[in-house]
Amino acid sequence: EKLTPQMVRKIEGFLKKGKNLFLAAQKYSFSYNPLPDGTIGATPVKVDTGLDAFLRKLGITIPDKILMDKNCDIVRMEVPRRMGPGIIMRTSEPVKFPIQIMIPPEGMNKETGITDRLASIFYMWGSMVEVNEKSAASSGLKVQPLFSSSRNTWTVKGKTSQLLPPEMDPENYKMLGPKNLAVYLTGPAPGTNDKTKQVKIIVIGSAEMFSDSFIQARSNATLLMNAADALTLGEDLISVRAKGDVMRMR
7 EKLTPQMVRK
17 IEGFLKKGKN
27 LFLAAQKYSF
37 SYNPLPDGTI
47 GATPVKVDTG
57 LDAFLRKLGI
67 TIPDKILMDK
77 NCDIVRMEVP
87 RRMGPGIIMR
97 TSEPVKFPIQ
107 IMIPPEGMNK
117 ETGITDRLAS
127 IFYMWGSMVE
137 VNEKSAASSG
147 LKVQPLFSSS
157 RNTWTVKGKT
167 SQLLPPEMDP
177 ENYKMLGPKN
187 LAVYLTGPAP
197 GTNDKTKQVK
207 IIVIGSAEMF
217 SDSFIQARSN
227 ATLLMNAADA
237 LTLGEDLISV
247 RAKGDVMRMR
């Protein structure tokens, strides 16, 4: 759901008071549908959160590109299938596309308690999170990456038509190397000259990974709890949470 300008202003006012913030937002979601040859296709659906201008003020951009990573995982998705004249049923089928990204422990930042003890996480339909270091620094914000994609990462130009097989084949692209997928910002509250008001902001380029369907995948739930602890209680208390996956996805 797109945030209205009034909602965004409330977020800005919230930060000016020295309150902490967690944001999870992506550029695309996807619909999965059967193709005439019996395989399954993925069609991008543009997501407009209304947060682009606000994030740019923090030195953050979520680019209008579809992120792909060779390090991906299988999920079971409900897909409509025609079972006969006038009969359409939804069936649960395994799908493996490079938009279903798995982040192993090697992709985690070991310098922060938010991610240093995490097992793998499942980054469903996520986007890159690009940082303008100069813009962030001018606001006095320190930027710390939380986790990144693998070195076998590529992007496809933003579109809303079905992804084609060549677009999902890494052999057709030059690999971009690891890309930031989540960042942790700390420093003075944006929009105010009061340096006594310090804030902590976490921005993650996937909202779908915290949906009901995927929150229990791998260590997604633990990541969310760690982020909440860091913003409310401080990183020191995160270490008491045991390392390990929560459970596999459906």
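Quick note, the sequence shown lines up with residues 7 to 256 if you use the working numbering.
Cβ coordinates follow ideal geometry from the N, Cα and C atoms, glycine included.
#1: I'd like the span of the alpha helix (DSSP H) that includes Pro184, first residue to last.
#2: DSSP on Val51, reduced to helix/strand/coil?
#3: Over the uninterrupted beta strand (DSSP E) stretch that includes Arg88, give me the two end residues.
#4: Name, in chain order, the residues that DSSP records as bridge partners for Phe128.
#5: Taking DSSP as the reference, what is the three-state secondary structure of Phe216?
#6: Give every residue of the same chain whose Cβ lies closer than 8 Å to the Cβ of Lys140, excluding the five residues on either side of it in the sequence, and list them in chain order.
#7: Tell me which residues share the same chain as Gln168 and place their Cβ nearer than 6 Å to its Cβ, disregarding the 5 neighbours each side in the sequence.
#8: Grouping DSSP H, G and I as helix and E and B as strand, with all else coil, what is Met253?
#9: Using the DSSP secondary-structure output, state which residues sit across from Ser98 in a beta bridge.
#10: Under 8 Å Cβ to Cβ from Lys6, same chain only, skipping five residues before and after it: list those, please.
#11: Counting along the chain, where does the alpha helix (DSSP H) carrying Met13 start and finish?
#12: Does the distance from the C-beta atom of Asn232 to that of Ile107 stay below 8 Å?
#13: Would you tell me roughly how many angstroms separate the C-alpha atoms of Gln12 and Gly44, rounded to the nearest one?
#14: Buried or exposed: where does Gln204 fall if 16 or more other Cβ atoms within 10 Å of its Cβ makes it buried?
#15: Do the region 118-134 and the region 179-195 touch if we need at least three Cβ pairs shorter than 8 Å?
#16: If distances are taken between C-alpha atoms only, which option among Lys206, Ala125, Lys33 and Lys116 comes closest to Lys23?
#17: Look at the Cβ atom of Lys163, then the Cβ atom of Thr192, and state whether they are nearer than 8 Å.
A quick look at the data gives this:
#1: Where Pro184 is concerned, there is no enclosing alpha helix (DSSP H), given that its DSSP letter is neither H nor E.
#2: strand
#3: Val81 to Gly90
#4: Met108
#5: helix
#6: Gly65
#7: Gly47 and Thr49
#8: In this prediction, Met253 scores a pLDDT of 44, lower than 50, which makes its location untrustworthy; the coordinate-derived value is nonetheless stated afterwards. The answer is strand: DSSP assigns Met253 an E or B state.
#9: Glu84
#10: One cannot answer for residue 6 here, as it falls past the ends of the chain, which runs 7 to 256.
#11: Pro11 to Lys22
#12: no
#13: 46 Å
#14: exposed
#15: yes
#16: Lys206
#17: no
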